[in-house]
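Here is the structure we will look at.
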Amino acid sequence: MTIDNLRSPDLAARPATAAAPAVTAGSDLLRLDDLHISVHHGAATAIRGISLTVQPGEIVGLVGESGSGKTLTCRAALGVLPDGCTIDQGSLSFAGHDLTTLSRRGWEGVHGRLMGAVFQDPASYLNPSITVGHQLAEVLRVKLGLSRRAARQRSIELFTSVGLNHPEHVFHQIPAELSGGMLQRVMIAIAISCDPQLLVADEATTALDVTIQAEVIELLRRLRAERGLAVLFVSHDLAVVAELCDRVVVFYAGEVVESGPAREIIERPRHPYTQALLRVASVGDFRRRELQVIGGQPPQVGEHITGCRFAGRCPAAAAVCRSGPIAPVTVDDQHEVRCVRAQEAWTAGELAAR
Amino acid sequence: MTVTSMPRAAGADQPRRAPARGAAPRRRRSRIIVSRLGGGLAVLVPIVLISTFITYSLGALSNSNPAATILGQDAATPAAVARLNHALGLDHPLIVQYWNWLTQAAHGNLGRSYFTQIPVAQSIAQRLPVDLSIAVLAVILAAVIGGGAGMIAAIRRGGWFDRGVTVACSAASTLPAFVVGIILVVLFAVTAHLLPANGYVGPSTSIAQWLAHIILPSLALSLAVSADIARQLRTSLVEVLEQNYIVGARVRGLPYRRILVRHALRNAAGPALTILGNDFPLMLAGAVAAEAVFSLPGLGQLLLQSAQTRDIPVVQGLLLVISCFVIVVNLIVNTTLNWLYRANDGIGT
Numbered sequence: 002m003t004i005d006n007l008r009s010p011d012l013a014a015r016p017a018t019a020a021a022p023a024v025t026a027g028s029d030l031l032r033l034d035d036l037h038i039s040v041h042h043g044a045a046t047a048i049r050g051i052s053l054t055v056q057p058g059e060i061v062g063l064v065g066e067s068g069s070g071k072t073l074t075c076r077a078a079l080g081v082l083p084d085g086c087t088i089d090q091g092s093l094s095f096a097g098h099d100l101t102t103l104s105r106r107g108w109e110g111v112h113g114r115l116m117g118a119v120f121q122d123p124a125s126y127l128n129p130s131i132t133v134g135h136q137l138a139e140v141l142r143v144k145l146g147l148s149r150r151a152a153r154q155r156s157i158e159l160f161t162s163v164g165l166n167h168p169e170h171v172f173h174q175i176p177a178e179l180s181g182g183m184l185q186r187v188m189i190a191i192a193i194s195c196d197p198q199l200l201v202a203d204e205a206t207t208a209l210d211v212t213i214q215a216e217v218i219e220l221l222r223r224l225r226a227e228r229g230l231a232v233l234f235v236s237h238d239l240a241v242v243a244e245l246c247d248r249v250v251v252f253y254a255g256e257v258v259e260s261g262p263a264r265e266i267i268e269r270p271r272h273p274y275t276q277a278l279l280r281v282a283s284v285g286d287f288r289r290r291e292l293q294v295i296g297g298q299p300p301q302v303g304e305h306i307t308g309c310r311f312a313g314r315c316p317a318a319a320a321v322c323r324s325g326p327i328a329p330v331t332v333d334d335q336h337e338v339r340c341v342r343a344q345e346a347w348t349a350g351e352l353a354a355r
Numbered sequence: 007m008t009v010t011s012m013p014r015a016a017g018a019d020q021p022r023r024a025p026a027r028g029a030a031p032r033r034r035r036s037r038i039i040v041s042r043l044g045g046g047l048a049v050l051v052p053i054v055l056i057s058t059f060i061t062y063s064l065g066a067l068s069n070s071n072p073a074a075t076i077l078g079q080d081a082a083t084p085a086a087v088a089r090l091n092h093a094l095g096l097d098h099p100l101i102v103q104y105w106n107w108l109t110q111a112a113h114g115n116l117g118r119s120y121f122t123q124i125p126v127a128q129s130i131a132q133r134l135p136v137d138l139s140i141a142v143l144a145v146i147l148a149a150v151i152g153g154g155a156g157m158i159a160a161i162r163r164g165g166w167f168d169r170g171v172t173v174a175c176s177a178a179s180t181l182p183a184f185v186v187g188i189i190l191v192v193l194f195a196v197t198a199h200l201l202p203a204n205g206y207v208g209p210s211t212s213i214a215q216w217l218a219h220i221i222l223p224s225l226a227l228s229l230a231v232s233a234d235i236a237r238q239l240r241t242s243l244v245e246v247l248e249q250n251y252i253v254g255a256r257v258r259g260l261p262y263r264r265i266l267v268r269h270a271l272r273n274a275a276g277p278a279l280t281i282l283g284n285d286f287p288l289m290l291a292g293a294v295a296a297e298a299v300f301s302l303p304g305l306g307q308l309l310l311q312s313a314q315t316r317d318i319p320v321v322q323g324l325l326l327v328i329s330c331f332v333i334v335v336n337l338i339v340n341t342t343l344n345w346l347y348r349a350n351d352g353i354g355t
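Chains as they are written, first to last, in the numbering used here: chain A, 2 to 355; chain B, 7 to 355.
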């Protein structure tokens, strides 16, 4: 059974209350424009001018180390920023409709039907005292108006389609009775239950062991192929991103330092930070045997830095790097780098020798 | 995938895969609740035995001489006392007396008052509806007032309502029921003439009159419990609202009100429910004072009188009924908690 069978005709009727965009070909599905987010009630700016887009049916990878703002960006895109975090500047839109000032009720229409989400720790994102089947059926009944019986049947079909064995049995189990991989499949089933156009996967495979991780990635790929689902895939694992994503956006200290097609980024990284990440991850030409680390610490959130935020850890930092803000440079088609030396054509071999 | 056969739904109109009804875990869940309920009932029996035995012993150890008291000072010759003791069965060893009482109680016969000769079961049955009405209404009021205040305080945490609830809770929990009762009588009965100040009318006479007579004592009893519930619910609800699964429910696009009730309140209700169960005996104790304030013909006054006159059969019967109520209420609370928190069933049970 393919997932397409699950599309019900009533899904075509999107809610009128929410921004109900008809996606036109070629337009951006998700668009973040110069987004600034402050944390701790405005005490510090954690995200400074993030711009990124996700096209319909595209899988975009967000990489960067812990604290670089990947998750905060996801939460902003989903409209569920933690307490004390606010969007200070910039805009957020979905298929051309502004979401920056959307009301809570407006978001209720967007969530599920336009955007779904899965997270790193699926057990904590499911209600521990309600059966997983009930949690999926609840969404189907509330969002799609299905009857109890129809919702139950659709839930079991969805559980089957995300690769859960014995879906009738799983339906009656609570999260504590399922493994991490099974829970992530349940989360994916819930996230795609109302046929959204975009799935935000925040570190969705990080906590899973390697074989389950591969299966979940395969599932995401299949969902894209079968229903044109776009995915914003957050990970700090470059190997996974390289395997799955069409485009990659590299985060460092609340900024995008490099973005472009996945193949281009993996094979010809221009930013020293991306190069360092690849070296650490042992991806592409940077295969090494010994454990690699990036020296130094990323700047503290809110720390004031003139110029390149990576300069303190960069092996090639020069005076010009610290003198003023670095503008992103387009080095190739769609390949943008925020580095003064972006134009220098470094080969992987040269870098490895550094 | 296993599809269990389903004879009833095997018609031609069924889709190719009929939903398998009654899968194992659902059945298992109800079985767990039934077994807990059975376990609770099994605990009830020894608790009743122990508590009644203790009170029985206390009655005997209190060095009272019921026969002498009944006969009065003039008639209490040693021979007459011995005769009456024999008639009352008080010449047997304590354990035998207790056994006799217990076997009679098991048949619904709680004996007769030493002084009035009225059957204990009868006087309890007369007065029980008064206390039951007040206690049940007080529980409902506590759940509504305390629950509502705690919930709104948690949702608007840090706001003026939240702070107001905190102050009001501290004030309310320091006031004993009889003080609150007197204040309420002054406010609603003496000053505003809205409600009767005292007395009791049974629901069979007039529902409206019944409610008018029990609302003030119930309110007086429920206030301190409301305060406890509001504080507990606020704390646990604030904690639950910060959990990831609330964010999880939001990104599924569920309406906020539904998330609040079905996901947050359900998981936060536990401590408040426990409080309600724990405070129920306090409500019964408070009923004694409330009955005095509102001149209600309730169990509390009967208990007080019979304890003062050492009317042991009445005290004993009352304690049996009260301890049964406390245990049943706790059983209900525990079963509800069990139903709310599936996670506590454990894995692989």
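The beta carbon of each residue, even a glycine, is placed where N, CA and C say it ideally should be.
Only counting the same chain, and skipping five residues up and downstream in sequence, which positions put a Cβ closer than 6 Å to that of residue i?
i         : result
Leu309(B) : Leu324
Phe318(A) : One detail in the question is off: residue 318(A) reads as Ala in this sequence, not Phe. The residues are Ala312.
If the cut is a Cβ gap below 7 Å, which residues of chain B does residue i touch?
i         : result
Leu224(A) : Neighbours of Leu224(A) on chain B: none; closest Cβ ~17 Å, over 7 Å.
Ala118(A) : Val257
His112(A) : Arg256, Val257, Arg258 and Gly259
Glu109(A) : Gly259 and Pro261
Ile191(A) : Arg258
Which residues in the same chain have their Cβ closer than 8 Å to the Cβ of residue i, if we skip the five residues on either side of it in sequence?
i         : result
Ile76(B)  : Leu90, Tyr120 and Phe121
Asp5(A)   : Annotation note: pLDDT 41 at Asp5(A) (below 50); position unreliable, no value reported.
Ile130(B) : Leu116, Leu305, Leu308, Gly323, Leu324 and Val327
Ala190(A) : Leu137, Ser156, Leu159, Phe160, Ser162, Val163 and Leu165
Pro300(A) : Ala254, Ile306, Arg310 and Gly313
In chain order, what residues of the same chain lie with their CB nearer than 7 Å to the CB of residue i, ignoring the 5 residues before and after it?
i         : result
Ile295(A) : Ala277, Val281 and Arg314
Asn336(B) : Gly283
Trp345(B) : Ile39
Ile48(A)  : Leu36, His37, Ile38, Gly70, Leu73, Thr74 and Gly255
Ala29(B)  : Residue confidence for Ala29(B) is low, a pLDDT of 44 falling below 50, so the modelled location carries little weight; the figure read from the coordinates is stated next. Cβ within range, chain order: n/a, list empty.
Thinking C-alpha only, which one of the options is nearest residue i?
i         : options                                       : result
Val232(A) : Ala44(A), Val171(A), Leu36(A) and Val55(A)    : Val55(A)
Ala192(A) : Val136(B), Ile140(B) and Gly259(B)            : Gly259(B)
Phe120(A) : Val327(B), Pro303(B) and Val253(B)            : Val253(B)
Ala202(A) : Ile51(A), Val61(A) and Ser28(A)               : Val61(A)
Ala396(B) : Asn340(B), Phe331(B) and Val299(B)            : This structure cannot settle anything about residue 396(B), because the visible part of chain B is limited to 7 through 355.
Ala152(A) : Leu165(A), Ser162(A), Gly134(A) and Val163(A) : Gly134(A)
Trp107(B) : Pro84(B), Gln311(B), Tyr62(B) and Arg169(B)   : Tyr62(B)
Ala178(B) : Leu225(B), Gly306(B), Leu94(B) and Arg272(B)  : Leu225(B)
Thr206(A) : Gly181(A), Arg149(A), Leu279(A) and Thr72(A)  : Gly181(A)
Asn250(B) : Pro316(A), Thr101(A), Arg76(A) and Gly43(A)   : Arg76(A)
Glu204(A) : Arg32(A), Ser194(A), Pro83(A) and Thr74(A)    : Thr74(A)
Arg316(B) : Phe59(B), Val51(B) and Leu67(B)               : Leu67(B)
Phe59(B)  : Ala86(B), Ala85(B) and Leu100(B)              : Leu100(B)
Ser194(A) : Val211(A), Pro270(A), Glu219(A) and Lys144(A) : Lys144(A)
Can you list the residues of chain A that residue i reaches, using a CB-CB cut of under 8 Å?
i         : result
Asn250(B) : Phe120, Asp122, Ser125 and Tyr126
Asn273(B) : Asn128, Pro129 and Ser130
Val299(B) : What Val299(B) touches in chain A: nothing, since even the nearest Cβ is about 42 Å away.
Run down chain B in chain order and give the residues with a C-beta less than 9 Å from the C-beta of residue i.
i         : result
Leu93(A)  : None at all; the shortest Cβ gap to chain B is about 15 Å.
Glu367(A) : Not covered by the structure: residue 367(A). The range shown for chain A is 2 to 355.
Ser180(A) : In chain order: nothing, as chain B lies at least about 11 Å away.
Arg228(A) : By Cβ distance, chain B contributes nothing, its closest Cβ being about 18 Å from Arg228(A), past 9 Å.
Residue i versus chain A: which residues are under 9 Å apart at the beta carbon?
i         : result
Arg264(B) : Glu139 and Val143
Mind checking whether residue i and residue j have CB atoms under 9 Å apart?
i         : j         : result
Gln136(A) : Leu30(A)  : no
Gly156(B) : Leu243(B) : yes
Gln174(A) : Pro123(A) : no
Ser104(A) : Asp34(A)  : no
Gly255(A) : Gly58(A)  : no
Val49(B)  : Ile333(B) : yes
Ala5(B)   : Thr172(B) : Examination of residue 5(B) is not possible in this model, given that chain B is present from 7 through 355 alone.
Gly152(B) : Ala236(B) : yes
Could you name the residues of chain B that residue i contacts, counting a contact when the two beta carbons are closer than 8 Å?
i         : result
Glu105(A) : According to the sequence as given, residue 105(A) is Arg; it is not Glu. The answer, in chain order, is Tyr262.
Starting from residue i, find everything on chain A with Cβ-Cβ shorter than 7 Å and list it in chain order.
i         : result
Val267(B) : What Val267(B) touches in chain A: nothing, since even the nearest Cβ is about 12 Å away.
Inset, instruction - Compile a chain-ordered list of the residues in the stretch 320-347 of chain B whose CB is closer than 9 Å to at least one CB of chain A. - result: Leu346 and Tyr347
Inset, instruction - Compile a chain-ordered list of the residues in the stretch 69-89 of chain A whose CB is closer than 7 Å to at least one CB of chain B. - result: Leu79 and Val81
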